[in-house]
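My numbering applies: residue 150 is where the sequence shown begins, and numbers increase by one.
Note that beta-carbon positions come from the ideal geometry of N, C-alpha and C, so glycine has one too.
Report on one structure; see the data block that follows.
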Amino acid sequence: MKTNIYLVIILSFGLGVHLIAQTTINKTDRANTESQTSATPKNKKILSRLGGKSVPNKLNVEHPVAVKSANISGESERSDLLKLAEALSYQSRRLKNEAAGKTGSEKEKLLNQAAQYEKNCLLKQIEASEISGSISQIKFSSNKETIKRLLASIKLEVAKISRIKQLISSAERNMQRAKCLRDEAYTRNSLVAKLGSMSNAEEKEVMALGDQTKAIDLIGKKPRGGI
Numbered sequence: 150m151k152t153n154i155y156l157v158i159i160l161s162f163g164l165g166v167h168l169i170a171q172t173t174i175n176k177t178d179r180a181n182t183e184s185q186t187s188a189t190p191k192n193k194k195i196l197s198r199l200g201g202k203s204v205p206n207k208l209n210v211e212h213p214v215a216v217k218s219a220n221i222s223g224e225s226e227r228s229d230l231l232k233l234a235e236a237l238s239y240q241s242r243r244l245k246n247e248a249a250g251k252t253g254s255e256k257e258k259l260l261n262q263a264a265q266y267e268k269n270c271l272l273k274q275i276e277a278s279e280i281s282g283s284i285s286q287i288k289f290s291s292n293k294e295t296i297k298r299l300l301a302s303i304k305l306e307v308a309k310i311s312r313i314k315q316l317i318s319s320a321e322r323n324m325q326r327a328k329c330l331r332d333e334a335y336t337r338n339s340l341v342a343k344l345g346s347m348s349n350a351e352e353k354e355v356m357a358l359g360d361q362t363k364a365i366d367l368i369g370k371k372p373r374g375g376i
């Protein structure tokens, strides 16, 4: 059991060093990405946040390959951060449990260490949420272009167009609400409150993307009796 605990600690710190090194490398890559892509300034920033070096030069951010590249890069980094956060949370709980049987300065020392692990855990979770938000923004922009292109190329029934417009409006509202929640998160003094606002934003982003997916599916759905 002790061997497993030590292994978790080693992996935690090893992964932390890897993420710090990767962040340093990404600073140079971000500068290169800014000058090489033809995306808008806003989307350039999103791509850079996800390590946009994997996106082919001069490829518009809404292009399917750009979206796929960003998703792969972002999800990988997000997954690593969440694994590290889980390990940090484990260490915090372990130290709190150990402190329960101690007294005086020894107890205080253990609780301070636990608090630091907990803080680092929250920071990693917040960073992971930021990546999730960037991925959602890229997907949202790509879906908007897809919907626009499909609507321009397909003649639809009035009732279907009305429903599609409702879904588009709902998606826009949810994404705007998500943006407000993320902006609100940065005004929070508490890390717990900040993460809470970001988690709420993630829920709105999922809803926005879901509305877009429904709209895309509805545009491509054949009418009853069709071939």
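Cβ-Cβ distance between residue i and residue j below 8 Å
i	j	result
residue 343	residue 350	no
residue 367	residue 313	yes
residue 346	residue 358	no
residue 348	residue 278	yes
residue 251	residue 263	no
residue 309	residue 327	no
residue 260	residue 340	no
Exposed unless 16 or more other CB atoms sit within 10 angstroms - verdict on residue i
i	result
residue 222	buried
residue 315	exposed
residue 228	exposed
residue 186	Because residue 186 carries a pLDDT of 34, less than 50, the predicted location of this residue cannot be relied on, and no value is offered for it.
residue 364	buried
residue 360	buried
residue 270	buried
residue 282	buried
residue 267	buried
residue 240	buried
residue 338	exposed
residue 286	buried
residue 191	With a pLDDT of 46 at residue 191, under the threshold of 50, the modelled position of this residue cannot be trusted; read the value that follows with caution. When all chains shown are included, residue 191 counts as exposed.
Local conformation of residue i per DSSP, three classes
i	result
residue 243	helix
residue 251	coil
residue 182	With a pLDDT of only 35 at residue 182, under the threshold of 50, the placement of this residue in the model should not be trusted; the figure read from the coordinates follows. Three-state result, residue 182: helix.
residue 337	coil
residue 287	helix
residue 297	helix
residue 303	coil
residue 370	coil
Close beta carbons around residue i, own chain, < 8 Å, minus the five adjacent residues each side
i	result
residue 274	230, 231, 234, 344
residue 289	320, 324, 354, 357, 358, 361
Beta-carbon proximity list for residue i, same chain, < 7 Å, skipping 5 on both sides
i	result
residue 295	365
residue 300	368
residue 317	296, 364
Cut-off 6 Å between Cβ atoms - residues of its own chain near residue i, not counting five sequence neighbours on either side
i	result
residue 256	248
residue 356	323
Contact test: residue i Cβ vs the ligand FMN heavy atom, cutoff 7 Å
i	result
residue 292	No copy of the ligand FMN occurs in the structure displayed, which carries no ligand at all.
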